[in-house]
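Residue numbers (the working numbering): 54 to 210. Notes follow the structure.
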Ligand code: ADP
């Protein structure tokens, strides 16, 4: 069975993330979305909330699981015996940091492989931070995030 993981902070999960999850779930037998602690000081959602929001938004995808982790990703890979990392690439700006991360992970753990899925054009501009920015200024985030995320964010205002 070919399993892969898709790590990120997902604060919150966007339609761009769901697109990558959906496409990766067709390529692999099992996909584990790994919610990492956000390095930013003030995440909008707790790690538990972020997990729940992804679970709800992907409940129609049978082979997708959601987990959380706070340590080095390669440790998670070793513990769970999942050696493929899926990442989404939006633009050249993503490339530099993602490339560095992929290289260092392979240096630390040669069994790990990082595979990049290119963004779908309609989501190429989309990031969790832009969603939060629009939300702060009362812009309409409905087209950008799954319905459950939209609802919880609207209710919190
Ligand atoms: P963000 O960059 O939106 O704050 P994360 O750090 O949680 O989100 O991202 C996790 C992964 O998802 C990264 O590999 C990132 O490049 C990818 N990703 C995020 N948004 C998109 C998108 N709209 N299209 C493709 N990949 C994306």
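Note that the Cβ used here is the ideal one computed from N, Cα and C, for glycine as well. This one's a predicted model, so the numbers in the text were calculated from it and none came from an experiment.
Practice task
Determine the burial state of residue 54: buried for a count of at least 16 other Cβ atoms within 10 Å of its Cβ, exposed for fewer.
Solution key: exposed
Problem - Beta-carbon proximity check, residue 78 vs residue 126, cutoff 7 angstroms - result: no
Handout entry: Contacting residues, own chain, Cβ-Cβ under 8 angstroms from residue 68 (five flanking each side not counted)
Key = 176, 179, 196, 197, 198 and 199
Handout entry: For residue 155, three-class secondary structure by DSSP
Key = helix
Handout entry: CB contact check: residue 182 to chain C, cutoff 7 angstroms
Key = Looking for chain C here will not work: only one protein chain is present.
Problem - Three-state class that DSSP yields for residue 148 in the structure shown - result: helix
Problem - Boundaries (first-last residue) of the alpha helix (DSSP H) holding residue 165 - result: That residue, residue 165, is in no alpha helix (DSSP H); it is neither H nor E in DSSP.
Problem - Any non-hydrogen atom of the ligand ADP closer than 6 angstroms to residue 188 Cβ - result: no
Handout entry: Burial state of residue 64, where buried means 16 or more other Cβ atoms lie within 10 Å
Key = buried
Exercise for the section: Examine the ligand ADP and report whether any of its heavy atoms sits within less than 6 angstroms of the Cβ of residue 179. Expected result: yes
Exercise for the section: Could you name the residues of the same chain whose beta carbon sits closer than 8 angstroms to that of residue 138, not counting the 5 residues immediately before and after it, in chain order? Expected result: 57, 58, 59, 60, 126, 130, 155, 158, 165, 166, 167 and 168
Problem - Cβ-heavy atom distance, residue 69 to the ligand ADP, below 6 angstroms - result: yes
Handout entry: Collapsed DSSP secondary structure at residue 208 in the structure displayed
Key = helix
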